[in-house]
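Okay, so here's the structure we're looking at.
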Amino acid sequence: MSSRPHIVLPWTVRRTRLPLLNLRCVACHSGHATTGDGRFRVNANGKLLDVWLLVNCVHCDRTGKLTVHDRVPVRSLPPALLNDYSANSPSLVARTLLDPAIARRNRFTPAWDGCWELHTPPVPEDPWPLQITVTFHDPVPLRPERLIAHGSGISRNEIARRVKIDIPPNRRTTQDFSFIINPR
Ligand SMILES: [Zn+2]
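Counting from 226, one number per residue, gives the positions in the sequence shown under the working numbering.
Here you go:
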């Protein structure tokens, strides 16, 4: 009998909202901020541009700014990108929050828990081994083992025994991947 999986199921990850940020408020010292729907502020100073993403403390509502670009030459930013900042493009807000350099510079970490949902088709009876492909409709950094446990109902211990996966299962990723669930 062939050991190749015969059944392939597609799973899809979608973002349901933007993440809260773990970010210290300078006024009330709470640790959480929100971008709301996402608002950029672009300030031109001669030929230099500053771009910020506005955030609000979830406790005292104080408005703060995350630095996205700091005194960069206007010409160094593509016009389409500038348009997206002016239009508060939702996907650009998400991309900004995903940028590790911006997170480091502004000392925040996004909290992605509860910001995503997984769409899974029904599993046929006794499908093992079963191959599952995971497609990120939106980039949400997730640990594969967490996603697999959520989607399959299989415990983490059992995942270690039954799941064959080619990427580190406990390192967050936003890249599509696939894995195989073997019989018990
Ligand atoms: Zn505050």
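Backbone N, C-alpha and C fix where the C-beta goes; we use that ideal spot for every residue, glycine too.
Through-space distance from residue j to residue i, alpha-carbon basis
| i | j | result |
| --- | --- | --- |
| residue 377 | residue 236 | 11 Å |
| residue 317 | residue 409 | 43 Å |
| residue 330 | residue 305 | 24 Å |
| residue 320 | residue 309 | 12 Å |
| residue 327 | residue 349 | 44 Å |
| residue 375 | residue 369 | 10 Å |
| residue 268 | residue 246 | 24 Å |
| residue 255 | residue 284 | 7 Å |
| residue 291 | residue 248 | 10 Å |
Residue i in three-state terms, based on DSSP
| i | result |
| --- | --- |
| residue 403 | strand |
| residue 345 | coil |
| residue 336 | strand |
| residue 325 | helix |
| residue 373 | helix |
| residue 382 | helix |
| residue 396 | coil |
Any non-hydrogen atom of ligand 3 within 6 Å of residue i CB
| i | result |
| --- | --- |
| residue 258 | Of the ligands this structure carries, namely ligand 1, none is ligand 3. |
7 Å CB neighbourhood of residue i in its chain, flanking five on each side removed
| i | result |
| --- | --- |
| residue 313 | 263, 264 and 265 |
| residue 352 | 232 |
Local Cβ density within 10 Å of residue i, reported as buried at 16 or more and exposed below that
| i | result |
| --- | --- |
| residue 261 | exposed |
| residue 373 | buried |
| residue 392 | exposed |
| residue 336 | exposed |
Cβ neighbours of residue i in the same chain (closer than 6 Å, five flanking residues each side left out)
| i | result |
| --- | --- |
| residue 239 | 342, 362 and 363 |
Own chain, CB closer than 8 Å to residue i, minus 5 neighbours either side, in chain order
| i | result |
| --- | --- |
| residue 401 | 358, 359, 360 and 361 |
3 or more residues per run - each beta strand (DSSP E) lying fully within the segment 256-317 = 257-259, 265-270, 273-282 and 288-298
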